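Chains as they are written, first to last, in UniProt numbering: chain Z, 1 to 379; chain W, 1 to 368.
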């Protein structure tokens, strides 16, 4: 029975159905640190809550009481904990004959409806998401949850709790084991379902990145979907996926070059597949020089999927490209007797330190010192 | 740097002291969501006063004693061992007056994050820890560790992430006793939280985030040597983490918590402290950092997450802690240099060095 906001609802002390409970006031020392000047409503609800917990009562009215506490303080983890225990107790004690086969028990369905509302209202509270995890472990209906998160991300596209919950759902219900194989792969139906879910997930990431190519949460999620779904063990398939992701990252960079999320993704997939950065030298170079007008414009007409050029309006050179190219030169220089490429890297770092990325001046100067001292290159 | 635009305004020390004292005196009803984490808020306030160096001069001995007394009121023993509860939010008056030493129930247990903050707060107040139940504390930490190596906030809960793991590690380090923790299992969990960006997410598969990256790096550093492979970063991993952390300092001078997000004062601490632990503190642009934090100050005291926002003890404490590690150079502070002066901070325990020393001297069990 969802309640409206506590305002306007009589205090528990004034309600006959609670007359049998003796409320327990909060203990507080004479000299408390940072006491909270609670509202009368909160005091009343928590006084009754303490009494109910002490009595060990797990009845339908406890659902109403804990909802009242939670609405006033969504971080009250004891109220959440007791609510969950009461819910499972009530579910176990109600006969399931009246519930149609396949449908959720009404109590659980009502809880989900309420949680859909609270998830939006208290988006940044840990407990809201924690409770959802417990509920979906009861319902075993992750697809309903994936749909909800999709709506929730439309409101706040970078919310950490929401994304974490999605990653937890996918890995828990459709995840791969340590050997990269999908769980339950003796059950063909579930394997097919899992594959479809991961495919749909990639479409979902595409949509999120199309809306905002700088959404790092979406980029991170892409990496998770592509490399942690345990999709394949076949080398040829792995190669195809890697190439696809490489094109995707390059295309994204071409549209918006100064986007650290896309560059981090590019570095991520290269490192993950142990591909040398130097394989991307041709792609990166146009991003490391100032825009030229005439000749470049013609080049842009040629569609080169491997080396998409920067867009005409891009602000160049781009810091991330300079850093990337310097990494390539540093690695090449390390094995040369004359260290010609090391010096090329140093020139790029100097331009970063003094012109293009001055906030990190100390870092670029440090890179120069490290390279001159012959430290291990990093790629 | 003689450019007047690069000259820092003063750090409003008196205002920040006043902000913390106001919060210690009481919080409005709009802050009711702090009910289940009041000890953490108390730590941010008392910790700020410690960093500002005013506890002895400006807070009476009587007040300091009564704060310590309240903190000890939250100490509880029971079937999962001993630790500190967030506040008396679940403790009933009737029970407590007659039976103060009554065991806690399953709904009123100690909380691992609160226990960590209570120990530091008490050390700041120079408590002698003669009341600390060390065996019980080890039992409590052990009761919080889960199958996957992570730690729950309270025993038996499913709520767990890297934050709680750090608290278990910090407490073990303070006790100088790791018998309450399965270290290799915990470190294996830390490793699963690492991402391709070089930072760490809050749980496995989650996006790299500044706060949890500090947590991971500090935990790796606190851990005793076990010979496990997950114990140390490879040189390439270390470089990738340093790169990612430094990349989070944006043009405003502040640090963001994730790639592409806006700077937030608290990440000046989380990213800054992680860099310090990694031995890369000298690469931080401390002048820009101080400039950003000076703009986060609220004119009536307290520091906010970003310029123009409302202040709170959490952002106030972490900003002051960041400045304790990265004090701006005298050339940038000019006439106001005294206001920007701080005693050094121990980035591993997140306490003033002097306080960390007190912890090391008073929390471990006396060796016979």
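We put the CB at the ideal spot given by N, CA and C, even for glycine.
Remember, predicted model here, so these are calculated numbers, not experimental data.
Counted within 10 angstroms of its Cβ, other Cβ atoms place residue i as buried (16 or more) or exposed
i                     : result
residue 109 (chain W) : buried
residue 59 (chain Z)  : exposed
residue 363 (chain W) : buried
residue 175 (chain W) : buried
residue 172 (chain W) : buried
residue 306 (chain Z) : exposed
residue 277 (chain Z) : buried
residue 409 (chain W) : Examination of residue 409 (chain W) is not possible in this model, given that chain W is present from 1 through 368 alone.
residue 323 (chain Z) : buried
residue 381 (chain Z) : In the structure as shown, chain Z begins at 1 and stops at 379. Residue 381 (chain Z) is therefore absent and cannot be evaluated.
residue 264 (chain W) : buried
Own chain partners of residue i with C-beta closer than 7 angstroms, once the 5 adjacent residues on each side are dropped
i                     : result
residue 49 (chain W)  : 17, 20, 55, 59
residue 349 (chain Z) : 326, 364, 367, 368
residue 28 (chain Z)  : 35
Three-state secondary structure assigned by DSSP to residue i
i                     : result
residue 145 (chain W) : strand
residue 235 (chain W) : helix
residue 75 (chain W)  : strand
residue 339 (chain W) : helix
residue 292 (chain Z) : coil
residue 362 (chain Z) : helix
residue 84 (chain W)  : strand
residue 204 (chain Z) : helix
residue 345 (chain W) : strand
residue 314 (chain Z) : coil
residue 368 (chain Z) : helix
residue 261 (chain Z) : helix
residue 356 (chain Z) : helix
residue 194 (chain W) : strand
residue 167 (chain Z) : helix
residue 116 (chain W) : helix
residue 151 (chain W) : strand
residue 107 (chain W) : coil
residue 59 (chain Z)  : coil
Residues of its chain near residue i, where Cβ-Cβ distance is below 8 angstroms and the 5 sequence neighbours each way are ignored
i                     : result
residue 327 (chain W) : 286, 290, 340, 341, 342
residue 221 (chain W) : 277, 348
residue 233 (chain W) : 220, 241
residue 62 (chain Z)  : 52, 82, 83, 86
residue 177 (chain W) : 134, 138, 364, 365
residue 336 (chain Z) : 342
residue 54 (chain Z)  : 24
Own chain residues within Cβ distance below 6 angstroms of residue i, not counting five before or after
i                     : result
residue 197 (chain Z) : 174
residue 50 (chain Z)  : 24
residue 281 (chain Z) : 328
residue 344 (chain Z) : 329
residue 365 (chain W) : 134
residue 273 (chain Z) : 242
residue 318 (chain W) : 266, 269
residue 332 (chain Z) : 341
residue 321 (chain Z) : 284, 287, 288
Contact under 9 angstroms by Cβ, residue i with residue j
i                     : j                     : result
residue 67 (chain Z)  : residue 123 (chain Z) : no
residue 39 (chain W)  : residue 74 (chain W)  : yes
residue 169 (chain W) : residue 119 (chain W) : no
residue 219 (chain W) : residue 166 (chain W) : yes
residue 336 (chain W) : residue 11 (chain W)  : yes
residue 130 (chain Z) : residue 248 (chain W) : no
residue 181 (chain W) : residue 142 (chain W) : yes
residue 144 (chain W) : residue 117 (chain W) : no
residue 162 (chain W) : residue 150 (chain W) : yes
residue 141 (chain Z) : residue 224 (chain Z) : no
residue 132 (chain Z) : residue 119 (chain Z) : yes
residue 291 (chain Z) : residue 262 (chain Z) : no
residue 15 (chain W)  : residue 301 (chain W) : yes
residue 126 (chain W) : residue 72 (chain W)  : no
residue 266 (chain Z) : residue 285 (chain Z) : no
residue 231 (chain W) : residue 187 (chain W) : yes
residue 11 (chain Z)  : residue 41 (chain Z)  : yes
residue 32 (chain W)  : residue 73 (chain Z)  : yes
residue 26 (chain Z)  : residue 89 (chain W)  : yes
residue 164 (chain Z) : residue 329 (chain W) : no
Legend entry - Three CB pairs or more closer than 8 angstroms across the stretch 12-31 of chain W and the stretch 344-359 of chain W: No, the stretch 12-31 of chain W does not touch the stretch 344-359 of chain W.
Legend entry - Any 3 or more C-beta pairs closer than 8 angstroms across the stretch 154-169 of chain Z and the stretch 207-226 of chain Z: yes
Inset, instruction - Pair every Cβ in the stretch 249-264 of chain Z with every Cβ in the stretch 207-214 of chain Z, then say whether three or more of these pairs are closer than 8 angstroms. - result: The stretch 249-264 of chain Z vs the stretch 207-214 of chain Z: in contact.
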